[in-house]
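> Take a look at this one; I'll ask things after.
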Amino acid sequence: MIDFEKNKITTMLKRWSEEDIPFFSVALFAGTWLCIGNFWSIVSIYTFVSISTATTILSVIIYLAVALPVVIFFFVELLRLKTKLKWIILAEVLTFMIFIIPPPRNADAMRVWLAKVYDVFMQGRKLVRPYWHYNTPDAFTLFHLPMINMWDGQIFQFSIWTALCAVLILLIKISKEYVSNDRTVVIILCLFIFNPLIILASTVVITDIPMILAVAGMVYSLILYEQGKFNKSLFFLFLFVVFGMNVKYNMLMFLPPILFWAVKKMWTDSINLKSLPFLFILTILAILPYYMNYLSIGNPVWPALTKIFPAKNPYWDIVALRTTESFLGGERNIQNFVESFIRLFLIPHHINPMAFIPIFFIFYRFKYLNYMPVLIASSYLFILWLMMPQFAVDEKERYVLYLLPIVLPFGIANIYEKFTKYKYGEKLKQFFEVVVIMTFFLYFTFTFVYSYDAFKYLLTYDKKVWHRATWYYEDYDWINKNIELKDSEKILVIVANQQTYYLKKPYVNGDALSALIDWSAMTDINKIINVIKGYRIKYIYIDNDYLKDYKDAKYAVEILIKHNKIVEIRRSNVRLYSSRLTNKFSETQTILYKVE
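In terms of this note's numbering, the sequence shown opens at residue 1 and continues consecutively.
Shown next as structure tokens:
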């Protein structure tokens, strides 16, 4: 009886895999994220949003209905692999899972992803915020709008971890099309997951893993198309490309070869006209976030390309250029490209060098996709270089990680094929695998050290210890408990890097990354008072050391103090950590003023 039931379950799992139900679950997850995120984006722009308990409960039900199948199918697909190496992947993914429970604390989440969605939640609508980080597509963040007030935003972290499971499902499926044994499949998975920046991206609220999901889904859809599943795969291709465009501007860099391929196939192959309405809807969703940016700011990709698309307010572009010049600037020459490319192999604390060696082996004609892998990868790298001439410094190398769903399965498949052609190929293969596996254990040790705080939090649930390095957390906690705002009163925040998520009071940013207030135009007390009254500012919270370097805003605050328009309420000594692992920090002083 037990054997019968076991065989029945095995048969069912095999049928599910053959019918590609795991892939459909991934597509459903991405599609739901895309559609619901855009729904809340449109609603929050044109109407007042009030999230009721019923809305939250319904959102959680829908969310779990699309997220849990992805998680389940990941474990099914992984455990079906017949190699002991799979347990390394399982241990790593389960370690990442621990980070779902503690509150988010990474810098990007604090200044934009969680801060943005909570700003909409507090204001009841999406307002124009000319902050340097904010004006990325809304779907990535606003998908979580009805659930953002549950705990501290852990539901968003669960989405990132689920997206990782989805990426691994797709990597398994892509790899199985090109390699002959499960051990090689797991080596591909390990080369992906054992990268410091991938470890980071899998455990914090950031766009990298969803972006990689979009690329992996795009690649697998191309394979399905070439296997003869024309209409279905074309829909999925559009879905994942549009999903990526609603996560990050970087997806635009993948468009040239994909559009070339799509136009060619739609011209030469027989496409069912019934699929066109669905493709049209997806096209609208692709354009929507960029069109909304154009309407509100005047630039569909602000703060980028300000010289091509000038903003409605010239000061917004001044603020944008102030930051993007250092981020995107530099000479565009062959030397820069070569130096950046070589550097990808010289930063093991960010990227596992073994993960990018396969990029030299994608210059090959592959089954199903012909030369598409190298065409996509090379065009993306070329455009990335045009946008960021030095694309391997200041953690910009994480944008190259988006190529891993192409580089790893196709590159490793070609490497292993070449091994079979040499006399000592088997020994070379064994040596290669030994070196690769050694890096896995090295980076697994890194994961364990990196996860120490998360394990500790599970035992103590001590938020104060967990947030010891979260910028301004104690000050925000004090403000949340002790400051009351009436009607539409707000707090003006002038701090480093806009890390404001844990400030659970209505606020506006007035730092150097914000173009909301042109401090250079605040030349007298009357102009400053008009701004304060216009935004109904009741309190001003500043990082005093940061303000010393931001002279325009410092001058305005000094004028307010001189005219007795603000009164000091609280002063604190704060540590701003640049690294939790190495315990590096700088000290600063924060001040909370009340406007009289």
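In this text, a Cβ means the ideal position worked out from N, Cα and C, and glycines have one as well.
(1) Give the straight-line distance between the Cα atoms of residue 260 and residue 197, rounded to the nearest whole angstrom.
(2) Can residue 215 and residue 254 be called in contact, C-beta distance under 8 Å?
(3) Only counting the same chain, and skipping five residues up and downstream in sequence, which positions put a Cβ closer than 6 Å to that of residue 290?
(4) Can you tell me whether residue 370 sits near the ligand HEM, meaning its C-beta is under 7 Å from at least one heavy atom of the ligand?
(5) Per DSSP, which one or two residues make a beta bridge with residue 588?
(6) What residue does the beta strand (DSSP E) around residue 393 start on, and which one ends it?
(7) Can you tell me which of 113, 184, 125 puts its alpha carbon nearest to the alpha carbon of residue 153?
(8) Between the C-alpha atoms of residue 403 and residue 192, what's the straight-line distance to the nearest angstrom?
(9) What residue from 401, 132, 409 has the CA that sits closest to residue 181's CA?
(10) Under the rule that 16 or more other beta-carbon atoms within 10 Å means buried, what is residue 62, buried or exposed?
(11) Write down the C-beta distance between residue 372 and residue 257 rounded to the nearest angstrom, noting that I regard them as a contact closer than 8 Å.
(12) Less than 7 Å between C-beta atoms, sequence neighbours within five positions excluded: which residues of the same chain meet that for residue 579?
(13) For the segment 288 to 345, which segments carrying the alpha helix (DSSP H) assignment without a break, of at least 4 residues, lie completely within its bounds, in sequence order?
(14) With a cut-off of 8 Å on the beta carbons, I'd call residue 358 and residue 411 a contact; round off their distance for me.
(15) For residue 335, count the other beta carbons within 10 Å of its own beta carbon; 16 or more makes it buried, fewer makes it exposed. Which is it?
(16) Return the chain-ordered list of same chain residues with a C-beta closer than 7 Å to the C-beta of residue 532, the five sequence neighbours on each side being excluded.
(17) Which same chain residues, not among the five before or five after residue 137, have their C-beta less than 6 Å away from its C-beta?
(18) Do residue 491 and residue 553 have their CB atoms nearer than 8 Å?
(19) Tell me, please, whether the segment 78 to 94 touches the segment 483 to 490 by the rule of three or more beta-carbon pairs shorter than 8 Å.
(20) Who are residue 366's beta bridge partners in DSSP?
(21) When we look at the beta-carbon of residue 205 and count the other beta-carbons within 10 Å, is it buried (16 or more) or exposed?
(22) For residue 465, which option in 187, 73, 105 has the closest C-alpha, if you only look at C-alpha atoms?
(23) Are the CB atoms of residue 500 and residue 543 nearer to each other than 8 Å?
(24) Are the CB atoms of residue 107 and residue 497 nearer to each other than 8 Å?
(25) Just list the residues that DSSP pairs residue 84 with in beta bridges.
(26) Would you identify the three-state DSSP class for residue 179, choosing helix, strand or coil?
(27) Let me check one thing: in DSSP terms, what residues is residue 543 bridge-paired to?
(28) Tell me whether residue 269 is buried or exposed, calling it buried when 16 or more other Cβ atoms sit within 10 Å of its Cβ.
(29) From the DSSP output, read off the bridge partner residues of residue 242.
Answer, in terms of the structure:
(1) So the alpha carbons of these two residues sit roughly 31 Å apart.
(2) With respect to residue 254, residue 215 sits close: the two C-beta atoms are nearer than 8 Å.
(3) Within the same chain, residue 290 has close Cβ partners 300.
(4) Ligands are entirely absent from the displayed structure, and the ligand HEM is therefore not among its contents.
(5) According to DSSP, residue 588 shares a beta bridge with 574.
(6) Looking at the DSSP string, residue 393 is not in any beta strand (DSSP E), and its letter there is neither H nor E.
(7) If we check each option's Cα against that of residue 153, 113 comes out closest.
(8) Put simply, the backbone Cα of residue 403 is about 10 Å away from that of residue 192.
(9) Considering only alpha carbons, the answer is 409.
(10) Result: exposed.
(11) Indeed they touch by this definition, with Cβ atoms about 7 Å apart.
(12) Taking residue 579 as the centre and dropping the five residues before and after it, the same chain places no C-beta closer than 7 Å to its C-beta.
(13) Runs of the alpha helix (DSSP H) lying entirely within the segment 288 to 345, each at least 4 residues long, are 314 to 328, 334 to 343 in chain order.
(14) Yes, residue 358 and residue 411 are in contact; Cβ-Cβ is about 2 Å, under 8 Å.
(15) By the neighbour-count rule (16 or more Cβ atoms within 10 Å), residue 335 is not buried but exposed.
(16) Apart from sequence neighbours up to five positions away, the residues of its chain that approach residue 532 with a beta-carbon distance below 7 Å are 595, ordered along the chain.
(17) Scanning its chain for C-beta atoms nearer than 6 Å, with the 5 sequence neighbours on each side dropped, one finds around residue 137 the residues 246, 289, in chain order.
(18) Not in contact: residue 491 and residue 553 (Cβ atoms no closer than 8 Å).
(19) Output reads no: the segment 483 to 490 does not touch the segment 78 to 94.
(20) The bridge partners DSSP lists for residue 366 are 370.
(21) Looking at its Cβ environment, which holds 16 or more other Cβ atoms inside 10 Å, residue 205 is buried.
(22) The shortest C-alpha separation from residue 465 is found at 105.
(23) In this structure, residue 543 does not lie closer than 8 Å to residue 500 by Cβ.
(24) Yes.
(25) Bridge partners of residue 84: none, in fact.
(26) Coil.
(27) In DSSP, residue 543 forms a bridge with 590.
(28) Classification of residue 269: exposed, given that the 10 Å Cβ count is below 16.
(29) Beta-bridge pairing links residue 242 to no other residue.
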